[in-house]
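Here is the structure we will look at, set down as structure tokens.
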Amino acid sequence: MPLCEPMVRVGFTITFLLFFFSADAYAYDVTRSPDFWISRLDNPDAVLMDDFRIKMFNEEIIASIDQMADVSRMGETIAGDIIKGYILEDPLPKDKAMFDRNGRKVREAFYRQVEKNFNLDGVGNEVRVRFGVMVKRADIRAFPTLDPLFKSAGSKGFDAVQYSSIYPPEVVALLHISKDREWGFFQTGFVRGWIRLDSVAFAEGRGMIDPYGAEGKEFLIVTGSFVNIYKDRELKKVIERLPMGARLSISGEYKDRWGVAFPHRVKDGLLKWGSAYISKKSDVSIRFLPYSKKNIIRQAFKVLDEEYGWGGINRKRDCSLFIRDVFATVGVNIPRNSRQQAVVGSVLVNTGSSGSAEEIKSVIGSSAPGITLLAMDGHIMLYLGNIEERHYVIHSVYRYEDVEGIKVVNKTTVTDLNTGSGTKNGAIMDRIKGVTLLIPNGYISEASRP
1082 MPLCEPMVRV
1092 GFTITFLLFF
1102 FSADAYAYDV
1112 TRSPDFWISR
1122 LDNPDAVLMD
1132 DFRIKMFNEE
1142 IIASIDQMAD
1152 VSRMGETIAG
1162 DIIKGYILED
1172 PLPKDKAMFD
1182 RNGRKVREAF
1192 YRQVEKNFNL
1202 DGVGNEVRVR
1212 FGVMVKRADI
1222 RAFPTLDPLF
1232 KSAGSKGFDA
1242 VQYSSIYPPE
1252 VVALLHISKD
1262 REWGFFQTGF
1272 VRGWIRLDSV
1282 AFAEGRGMID
1292 PYGAEGKEFL
1302 IVTGSFVNIY
1312 KDRELKKVIE
1322 RLPMGARLSI
1332 SGEYKDRWGV
1342 AFPHRVKDGL
1352 LKWGSAYISK
1362 KSDVSIRFLP
1372 YSKKNIIRQA
1382 FKVLDEEYGW
1392 GGINRKRDCS
1402 LFIRDVFATV
1412 GVNIPRNSRQ
1422 QAVVGSVLVN
1432 TGSSGSAEEI
1442 KSVIGSSAPG
1452 ITLLAMDGHI
1462 MLYLGNIEER
1472 HYVIHSVYRY
1482 EDVEGIKVVN
1492 KTTVTDLNTG
1502 SGTKNGAIMD
1512 RIKGVTLLIP
1522 NGYISEASRP
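In case it helps, this note's numbering puts the sequence shown at residues 1082 to 1531.
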């Protein structure tokens, strides 16, 4: 299940996109400001959905996306054949020329070893699910190995085995253990994959896994790009850095800090909740931010110029993780994969099923900034608005093409959709395949209008 697909899984094709203005430095500056785009909205503070409607929307999304789950509500057992199907869903690329971290072609022996580590013979007819909580950041892998696979010898940074990253205190469900007993195959809230077992603490009972406490208990949402979590009350020892959208139950309030519940892995890998601390100077919110265009745009610009990271590697973001983290701050739980993000909510037009390029251009022109996603093959962008019929997006991107050739961007940036005009592939605008409004299908309010 590729993430921002063109980079690795379906070929190392040109990935584009940079805000590129050579003529007007002033225009460059203002378009890189969230206040500029917010000031152009008629109703920036209008709330699109309340908490109840967002909860219903999230349930609709989970029901429509196979890889997603409300882990805390999963059943206690799963049929073994289903789990085997999950494990084999993304097959080993034995029929493709893949390369290792040293640029050497991967040999058959590597695949045999990884396949052995699947431990399929260890999957019973009926498997009892074991629930746990992430205690540290970890990578989610397609296969139980840290060894990367690359599409070409020169495509380092785009590891085909890397699905995503995951942070505390996400709840996970263990479905299977690898042959070497170092990896678990897990269902997370947004994807299934292999995670190192030492990154997870396991609950003795389902009631222990809820990191947010009882219904109605106050919690903090990380609204900065990343926020430090401290082990000590003096705020000296960092225990973890959590990304935008992370959620922590409040356990206490003090003059200069918040106390929060934080998971720990103790003897035999069991879960124990303890205390950690967040400075009151940190960029956090008590409960979710209201779902408004203003808040989404402001959150998106907090990541401006940050380095791109395929699959969330090294605490960085790719195109779809950027979008997911931004919307998590208002409580909207969208998929991790760009193709899946493009089909949740109100799909205004999609050339995969209906709609022409001209229709897409027309729809973009009347779309609501801040809550509209524009999708390309393997890429997703957040629409900001237009200036004199030039349309702009903010997105995380690795590289783009202009008439002078390929240029590396490797960051979150603002882009004019005319970028790429005059090239073989054409302008970004001409390659957009779908336009999606991130509200439930059929749910149109005044707040969601342009």
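Glycine is no exception: its CB is placed at the ideal position from the N, C-alpha and C atoms.
- Its Cα nearest to that of Trp1354, the residue Val1216 stands out among Val1216, Asp1176, Ser1114.
- In the DSSP annotation of this structure, the continuous segment of the beta strand (DSSP E) that includes Met1457 starts and ends at 1453-1457.
- Annotation: Arg1211 to Met1457 spans about 38 angstroms, alpha carbon to alpha carbon.
- A direct Cα-Cα distance of roughly 48 angstroms separates Phe1180 from Asp1131.
- In this structure, Thr1500 sits near Tyr1481, with a CB-CB distance shorter than 8 angstroms.
- When Cβ pairs closer than 8 angstroms are counted between the two stretches, the region 1252-1268 is seen not to touch the region 1398-1405, the count staying below three.
- Boundaries around Ile1135 are those of the alpha helix (DSSP H), 1132-1145, since no beta strand (DSSP E) includes it.
- The beta carbon of Ser1259 is closer than 8 angstroms to those of Asn1198, Phe1199, Asn1200, Pro1225, Gly1265, Phe1266, Trp1275 in its chain, skipping five residues each way along the sequence.
- Between Met1325 and Val1341, the C-beta gap is not smaller than 8 angstroms, which leaves the two residues out of contact.
- The C-beta of Met1137 has fewer than 16 other C-beta atoms within 10 Å across all chains shown, which makes the residue exposed.
- Partner residues in the beta bridge of Pro1324, as assigned by DSSP, are Phe1307.
- With a cutoff of 8 angstroms on beta-carbon distance, Ile1367 and Val1308 are scored as not near each other.
- Per DSSP, Ser1443 lies in no beta strand (DSSP E); the unbroken alpha helix (DSSP H) holding it starts and ends at 1438-1446.
- For Leu1352, the closest C-alpha among the options Pro1371, Phe1369, Asp1291 is that of Asp1291.
- When only Cα atoms are considered, Ser1245 and Arg1420 end up about 15 angstroms apart.
- Contact between His1257 and Val1195 does not hold, since the beta-carbon distance rounds to 15 angstroms and is not under 8 angstroms.
- DSSP, reduced to helix, strand and coil, places Arg1417 outside both helices and strands of the structure shown, so it counts as coil.
- CA-to-CA, the gap between Pro1229 and Lys1237 works out to about 9 angstroms.
- Within the same chain, and ignoring the five residues on either side of Gly1161 in sequence, the residues whose Cβ sits closer than 6 angstroms to its Cβ are Val1204, Gly1205, Asn1206, Val1208.
- Taking Ile1247 as reference, the option from Leu1227, Arg1262, Ile1221 with the minimal CA-CA separation is Ile1221.
- Taking the Cα of Ala1241 as reference, the smallest distance to any Cα among Trp1391, Leu1455, Asn1467 is reached at Trp1391.
- In the same chain as Lys1514, and ignoring 5 residues on each side of it, the C-beta atoms closer than 7 angstroms to its own belong to Asn1431, Thr1432, Gly1433, Ala1456, Met1457, Asp1458, in chain order.
- When Cβ pairs closer than 8 angstroms are counted between the two stretches, the region 1327-1347 is seen not to touch the region 1379-1386, the count staying below three.
- Taking 8 angstroms as the cut-off, the beta carbon of Ile1320 is found no closer than this to the beta carbon of Phe1300.
- Residue state for Gly1333 is assigned as strand, using DSSP reduced to three classes.
- A residue is called buried when at least 16 other Cβ atoms come within 10 angstroms of its Cβ; Lys1375 meets this threshold and is buried.
- According to the DSSP assignment, Trp1118 belongs to no beta strand (DSSP E) but to the alpha helix (DSSP H) extending over 1115-1120.
- Annotation for Asp1511: Ala1438 place their beta carbon closer than 7 angstroms to its own, counting only its chain and skipping 5 residues before and after.
- For Leu1402, the enclosing alpha helix (DSSP H) begins and ends at 1400-1409.
- Between Val1495 and Val1478, the CB-CB gap reaches or exceeds 8 angstroms.
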